[in-house]
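Going by the numbering used here, the first residue of the sequence shown is number -11, and it counts up by one from there.
In this text, a Cβ means the ideal position worked out from N, Cα and C, and glycines have one as well.
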Amino acid sequence: MRRTGYYFTHRKEIITQQYPDVKQILPERFRGEVIMLHDENNEHACTGCTACELACPNGTIKIITKFDVTPEGKKKKALDTFIYHLELCTMCNLCIEACPTDAIKMAQNFEHSVYDRSQLTKKLNKPGSKIREGVE
């Protein structure tokens, strides 16, 4: 009660933040959710190697690959769909460390409340995106 009375009489030192109006600044190392980085040309660095899928301890990531034909006529494995199940993710960061091309990273998002659980399953590669030139 002494602490409460102190804050009642010394209003300049109020430390309570009104959450929706004033959002807390999160540290840079905060792990929110996995995102795939795309540049301005809608290109990403994911090769579809499935290293992140193998590193995930509870099957949060599902990678669907396809085979593209190169101009030389060779078949090359490429990313078709990158599915991320946010409701299963433990934010352990193992997928980020396993990615050899740094195609994915952890974002600062932390507000994931939804009424429909299916909204927590996300497709990370954007429609029409392709692999960035020079990424192997």
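request  = Go to L14, then tell me how far its beta strand (DSSP E) extends in each direction, as first and last residue.
outcome  = L14 -> no beta strand (DSSP E), and no H or E assigned at all.
ask   = According to DSSP, is C98 helix, strand or coil?
value = Residue identity check: residue 98 is Phe in the sequence provided, not Cys. Residue state, collapsed to three classes: coil.
message = Among C34, K62, T78, N46, whose alpha-carbon lies nearest the alpha-carbon of I52?
response = C34
query = By DSSP, does A33 sit in helix, in strand, or in coil?
reply = Reduced to three states, the DSSP call for A33 is coil.
query = Which runs of the alpha helix (DSSP H) spanning at least 4 residues fall entirely within the region 36 to 65, listed in chain order?
reply = 39 to 43
query = According to the Cβ coordinates, are E80 and C40 closer than 8 Å?
reply = The sequence given here has Cys at residue 80, not Glu. No, they are not a contact pair.
Assumed close pair N46, L76 - CB separation to whole angstroms, cut-off 8 Å = 6 Å
query = Helix, strand or coil for T4 per DSSP?
reply = coil
inquiry  = Just verifying my parser: in three-state terms, what is the DSSP assignment at L67?
reply    = strand
ask   = For Y72, does the three-state DSSP call read helix, strand or coil?
value = strand
request  = Report buried or exposed for I13, applying the criterion of at least 16 other Cβ atoms within 10 angstroms of its Cβ.
outcome  = By the neighbour-count rule (16 or more Cβ atoms within 10 Å), I13 is not buried but exposed.
query = Using the C-alpha atoms, what's the distance from V102 back to D68?
reply = Distance between the alpha carbons of D68 and V102 is about 27 Å.
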